[in-house]
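Numbering (mature numbering (1 follows the signal peptide of the UniProt record, and there is no 0)), first residue to last: -25 to -1, 1 to 986.
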């Protein structure tokens, strides 16, 4: 075994911060000058290699502008994911030829690929030092790559003299920046001295109380763009919804204009004004206004008060006169409806309420916690329609079930929720997500990346019972960026009745180096002692304009002197014959250093291995790594971690849960003719791996993997945002991905009959896992393009087969009001490699997967080395005009190529005893007469093939001596399920007991008596 110790102190973490390396700035380009118009498309890295464009790494941290293959498209990038300080990096153009007095415009755009908003300035000047150039544009890049249009970046510059000028882009983003810059254009504009200035006081006054009218007013420009007086204008044009509705010919400069729109209709309208002088147009000025009766806003300020007696009261504010678009709403006609939102379906709670209150009955305080999403709608009358006008949903989550006991901790390991539910606050524009960065190296933490308009986020934690805590505290870790605008505020929802602020972390007041730090906040002010059904819920608020907020390892506990807690980290399954990595984590939740303890690993309730514990400081975590290889023919085993410490003042958390690890089979071909003599000589045939048929059921892969799934290639061709299950969580939920190893029995945030309903809908074709592709959200406008590419094929002409279904296909599932339908997919093959550009499409019209699992047989031509199943569903592009949902693939069968036998592993009585090379197909057990507990000379043997890309399934079983020795007896009447059956002499007689004669047999390692 191997042991690692992680002491978690901010001082030690800060000490590991790396010093920047020294990198000299490049020599400025000597190319050009180039004539204008000029453009650079970033489609050839030679523009940097040949120093046509150059970079200036002003802070000498070795991180600057360059090209990246991470994202497709024509970009140049600043990738600062390893930054230790803010960016100070210039991207400088070659010389451009400008003429005195002319106005030149630079146009491009930018995306942030990760992190918060990016900072970028545009500057133009002469000479080689960009810091002396004139800044003509300063931008915050908030548009996210894959989430819509870019943030426009532009600037204008009047050349004072004729000569050579450069354009430069200055990135000053905060740490962990990732900025993408689009192609750059530079061109000359018409002389500003004769362009009229834009209107600066456009106003639209709509009719009061929903009257359908609009009065537009503005002042005719009296100066040109440069501020010089205008003697005349040719015309001023007024537009409504981009159509001219009024021309003002030869208007007097400075004149006030008022125009009544007599033909406007109810709805939102865009008014704009453009002035013209000397055939040159001013900039367009735009004003939006809503005319007439509007849709009401969603119900606001929704609160759910837990009465702790089995009832709760939902309250909200009365509807406002101001509607969604600023138009009028008549509050006197308002009615409210309350629903629960369950997996996309609305369930009525109360309908047609005139008051802003609803009482919820039968609140459950037992069982596993789950979040009930309440959705509220407002209906109002409109004089222009016989149908009531309805708002969008107002939503608020309410937790039911039993509160977690203390000590409670959540580490978000592997980007998943361990002890939920955690609920995103829909009332905040910003949203928390999950990051692979982690304080405790478990590949999971909370992260909030602010952007323009989304500078506040909140995530609400589960219910925790602190009633019996004498000194309750909440402790968590955060990644500190000292002196920045970040801020974390922690509030506690006490008993579902009041909100109490318990502490803040203000990054602007922090000093020292950046890195992980911990903070403890006292919870005695929100104690629930003596309150029946009482609880607290932690709410984390993150604020910042450009600073990313990361939070990890949240603990709520009774801060006593000596308190160690054990937890187990184990895989969901392990392949037969392989070792499972089992980690026991020991956390010091006490206020004193812990010494002299032991760490135990239990397998199936029996102590397997023990390690002496290292000294552990408060709030430190030690990870003890164990390896365990289960015996062959074992279907599953349980593991538990335990810490033994006599000084521990709270023993209840010294044992982890008993976690079950499934033992699964490999999809790679296995030996089926293993034979043995009574002298312990084993023989088998060499594996013929050319064109062997393989059926992959995806059972042997780690659940929730979105990469490194055996030899499968997963290619996310759209890079878009994907749908989630709302309150149902699992690792990698919402992360951009192609396919995911999906196991519906391992989701969280769902309980009871709802859990079973979910599992039934998303059940794989066989086993417990399938590969799932989730469609790109329709708001991105990007077609779903998710590729599942096989391991290498044999190259011969063959027919491959697979099973697909669309679990969200509500049309074929029989829902009365379906929200989604079948999913579309295409089939491709490649004769070369797994690059998506190498594939050839087979089908003309896309295939459709429906709710029912359906088998497809596809003929591949000779020479095909790979084939791909490509999910393509996208909004209006689907035949049913529904939003894309999910496509599942299972049990893929093909003739494989590229298999190489590297060796054979021989097992005696389920334990590895010999490793052989790939050319050896016989072995003599010199110790076959030994007694392994079943009597001298009584053994069973198996062989596993070791391929270059993994191990095979277990071979058939052969016996030396008495096959029934040490085997449990099972008496059956009639049929047994399919599994290989042997006589007591080791002779194979079939896969079922259905047709065998009465007598004694061996099946599944057990003695079976058939009567």
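Think of the CB as a built atom: it goes at the ideal place given N, C-alpha and C, for glycine as much as any other residue.
- Determine the closest residue to residue 362 out of 430, 67, 820, 268, with distance taken between C-alpha atoms. In terms of Cα proximity to residue 362, the closest of 430, 67, 820, 268 is 268.
- Identify the residues that DSSP records as bridge partners of residue 861: which are they? Looking at the DSSP output, residue 861 bridges to 749.
- Message: I need the straight-line Cα distance from residue 668 to residue 546, nearest angstrom please.
- Response: Roughly 28 Å between the two C-alpha positions.
- residue 635 to residue 983 span [Cα, whole Å]: If I take the Cα positions, the gap works out to 27 Å.
- Message: Please return the same chain residues whose Cβ sits closer than 8 Å to the Cβ of residue 120, not counting the five positions on each side in sequence.
- Response: For residue 120, where only same-chain residues beyond five positions count, the Cβ hits under 8 Å are 46, 86, 87, 88, 155, 694.
- Inter-stretch contact at 8 Å, needing at least 3 Cβ pairs: the region 672 to 683 / the region 534 to 551: Judged by Cβ distances under 8 Å, the region 672 to 683 makes contact with the region 534 to 551, as three or more pairs qualify.
- Give the C-beta separation of residue 573 and residue 536 to the nearest angstrom, bearing in mind that I take them to be a contact with Cβ-Cβ under 8 Å. Between residue 536 and residue 573 the Cβ distance is about 20 Å, and since that is not below 8 Å, they are no contact.
- Message: Buried or exposed, going by whether 16 or more other CB atoms sit within 10 Å of the CB of residue 974?
- Response: Residue environment: residue 974 is assigned as exposed (fewer than 16 neighbouring CB atoms within 10 Å of its CB, all protein chains considered).
- Task: State the DSSP-derived secondary structure class of residue 354, mapped to helix, strand or coil.
- Result: Here residue 354 sits in strand by DSSP.
- Message: For the structure I just gave you, are there three or more beta carbon pairs, one from the region 642 to 662 and one from the region 906 to 924, closer than 8 Å?
- Response: Yes, since at least three Cβ pairs between the region 642 to 662 and the region 906 to 924 fall closer than 8 Å, the two stretches touch.
- Query: Got a sec, what are the start and stop residues for the alpha helix (DSSP H) residue 22 sits in?
  - Reply: For residue 22, the enclosing alpha helix (DSSP H) covers residues 21 to 24.
- Query: If you run the structure through DSSP and keep just helix, strand and coil, what is residue 733?
  - Reply: If DSSP states are grouped into helix, strand and coil, residue 733 belongs with the helices.
- Message: Taking the alpha-carbon of residue 111 as reference, which of 240, 129, 783 has the nearest alpha-carbon?
- Response: If we check each option's Cα against that of residue 111, 129 comes out closest.
- Do residue 235 and residue 148 have their CB atoms nearer than 8 Å? No, Cβ-Cβ distance for residue 235 and residue 148 is not below 8 Å.
- Does the separation of the CB atoms of residue 831 and residue 804 fall below 8 Å? In this structure, residue 831 sits away from residue 804, with a CB-CB distance that is not shorter than 8 Å.
- Reducing DSSP to helix, strand and coil, say where residue 482 ends up. In this structure, residue 482 counts as helix in the three-state DSSP scheme.
- Based on Cα-Cα distance, which residue from 211, 893, 459 lies nearest to residue 877? Measuring from the Cα of residue 877, the nearest candidate turns out to be 893.
- Who are the near neighbours of residue 124 in its chain, counting only those whose CB is closer than 7 Å to its CB and skipping five residues on each side? Counting only Cβ-Cβ distances below 7 Å, and skipping sequence neighbours, we find 118.
- Query: Between residue 764 and the rest of its own chain, which residues show a CB-CB distance below 6 Å, the 5 nearest in sequence each way excluded?
  - Reply: Around residue 764: 688, 809, 841, 843.
- Item | Close beta carbons around residue 74, own chain, < 7 Å, minus the five adjacent residues each side | Answer for residue 74: 134, 137, listed in chain order.
- Query: Would residue 307 be called buried (16 or more neighbouring beta carbons within 10 Å of its own) or exposed?
  - Reply: Exposed, because fewer than 16 other Cβ atoms sit within 10 Å of the Cβ of residue 307.
- Query: Hey, out of 671, 216, 450, whose CA is closest to residue 593's CA?
  - Reply: Out of 671, 216, 450, 450 has the C-alpha closest to the C-alpha of residue 593.
- Item | Proximity to residue 544 [Cα-Cα], best of 601, 18, 609, 469 | Comparing alpha carbon positions, the residue from 601, 18, 609, 469 closest to residue 544 is 601.
- Item | Nonlocal neighbours in the same chain, by C-beta distance under 7 Å from residue 906, ignoring five residues either side | So no residue of the chain qualifies.
- Could you spell out where the alpha helix (DSSP H) holding residue 785 opens and where it closes? Run containing residue 785: 785 to 788, per the alpha helix (DSSP H) assignment.
- Tell me whether the beta-carbon of residue 60 lies closer than 8 Å to the beta-carbon of residue 36. Yes, Cβ-Cβ distance for residue 60 and residue 36 is below 8 Å.
- Message: Check whether the region 340 to 355 and the region 259 to 273 are in contact - that is, three or more C-beta pairs closer than 8 Å.
- Response: Short answer: they touch.
- Query: Mind checking residue -4: buried by the 16 CB within 10 Å criterion, or exposed?
  - Reply: Confidence is the limiting factor: at residue -4 the pLDDT is only 27, short of 50, which leaves the residue's position unreliable and the question unanswerable from this model.
- Would you decide whether residue 519 is buried or exposed? Buried here means 16 or more other CB atoms lie within 10 Å of its CB. Buried, by the Cβ-count rule.
- For residue 628, which of helix, strand or coil comes out of DSSP? Residue state, collapsed to three classes: helix.
- Item | Whether residue 730 touches residue 707 by CB criterion (8 Å) | By the CB criterion at 8 Å, residue 730 and residue 707 fall outside the cutoff.
- Message: Check this for me: beta carbons of residue 846 and residue 759, under 8 Å apart or not?
- Response: In this structure, residue 759 lies closer than 8 Å to residue 846 by Cβ.
- Message: Strictly by DSSP, which residues pair up with residue 127?
- Response: According to DSSP, residue 127 bridges with 84.
- Using CA coordinates, which residue listed in 394, 771, 824 is at the minimum distance from residue 837? Nearest option by C-alpha distance: 771.
- Option in 692, 53, 715 with minimal Cα separation from residue 682: Minimum Cα-Cα distance from residue 682 among the listed residues 692, 53, 715 corresponds to 715.
- Are the beta-carbon atoms belonging to residue 332 and residue 288 less than 8 Å from one another? Contact: yes.
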